[in-house]
Amino acid sequence: MKKYLLLLCVNLTVVLSEFTTEDCWVLGYNKANLLCSSCDQLSRFNLAILKDHCKECCHPDETSTADKKYAKGVLEVCTCKFGVYPQIQAFIKSDRPAKFPNLQIKYIRGLDPIIKLYDKDGFLKETVAIEKWNTDSVE
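Heads up: the sequence shown runs through residues -17 to -1, 1 to 122, numbered per mature numbering (1 follows the signal peptide of the UniProt record, and there is no 0).
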């Protein structure tokens, strides 16, 4: 009986936990820019079997236009992608990052540009793909 109870607890933990960015990448999903509304469309293409994993890797669609503020941001980018994303290169090479003391720039090989946003306690709150980022809109 204890064995089955332990198995049930382990299974519940697995079911209730959200996949990490790396888990999603292995499954073929980019957690940074996957919207949950996309997962809802899978059944239209006879791909309902993928829906559960997709839902573990997606972000809810934005319905609010209210500005959100975060205590810290980490811009992750690969210099090898500067040719594809000149606006990211322009931002990094300009004086603009100095205007944001809580912004850290990390260079990660092969990564498309993303920004990770953290709350005041250092917990990751949001990961945003910024390949279509307009540097003039950063405040």
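Where a beta carbon is used, it is the ideal one built from N, C-alpha and C, also for glycine.
None of these values were measured; they are calculated from a predicted model.
According to the neighbour-count rule (16 or more other Cβ atoms, all chains shown, within 10 Å of its Cβ), is Leu18 buried or exposed? Classification of Leu18: exposed, given that the 10 Å Cβ count is below 16.
In this structure, does DSSP put Ile88 in helix, strand or coil? Of the three classes helix, strand and coil, the one that applies to Ile88 here is strand, per DSSP.
When the Cα atoms are used, what is the spatial distance from Leu94 to Lys64? If I take the Cα positions, the gap works out to 8 Å.
Expressed to the nearest angstrom, what Euclidean distance is found between the alpha-carbon atoms of Phe2 and Cys40? Between Phe2 and Cys40, the C-alpha separation is close to 6 Å.
Leu10: first and last residue of the uninterrupted alpha helix (DSSP H) it sits in: First-last of the alpha helix (DSSP H) with Leu10: Thr4 to Leu10.
Confirm the yes/no value for this check: CB of Ile32, any heavy atom of the ligand ATP, distance under 6 Å. Because no ligand of any kind appears in the structure shown, any question about the ligand ATP cannot be addressed here.
Within 8 Å, do at least three Cβ pairs link the region 50 to 59 to the region 19 to 34? No: the two stretches stay apart, fewer than three of their Cβ pairs being nearer than 8 Å.
So what does DSSP say about Leu94, is it helix, strand or coil? Leu94 falls in the coil class under three-state DSSP.
Short of 8 Å in beta carbon distance, which residues of its chain neighbour Lys108, apart from the five on each side in sequence? Order them along the chain. Take Lys108, set aside five residues on each side of it, and the residues of its chain with a beta-carbon closer than 8 Å to its own are Tyr53, Leu100, Tyr101 and Asp102, in chain order.
Ala112: first and last residue of the uninterrupted beta strand (DSSP E) it sits in: For Ala112, the enclosing beta strand (DSSP E) covers residues Leu107 to Ala112.
When you compare only the Cα positions, how much space is there between Thr110 and Ala15? Each residue's alpha carbon lies about 5 Å from the other.
Among Asp6, Pro43, Asp44 and Thr62, which residue has its Cα nearest to the Cα of His36? The shortest Cα separation from His36 among Asp6, Pro43, Asp44 and Thr62 belongs to Asp6.
According to the neighbour-count rule (16 or more other Cβ atoms, all chains shown, within 10 Å of its Cβ), is Phe106 buried or exposed? It is exposed - the Cβ of Phe106 has fewer than 16 other Cβ atoms within 10 Å.
Is it the case that the Cβ atoms of Pro96 and Val60 are separated by a distance below 7 Å? Yes.
Locate the beta strand (DSSP E) running through Lys55, then write down its first and last residues. Counting along the chain, Lys55 sits inside the beta strand (DSSP E) bounded by residues Lys55 to Val60.
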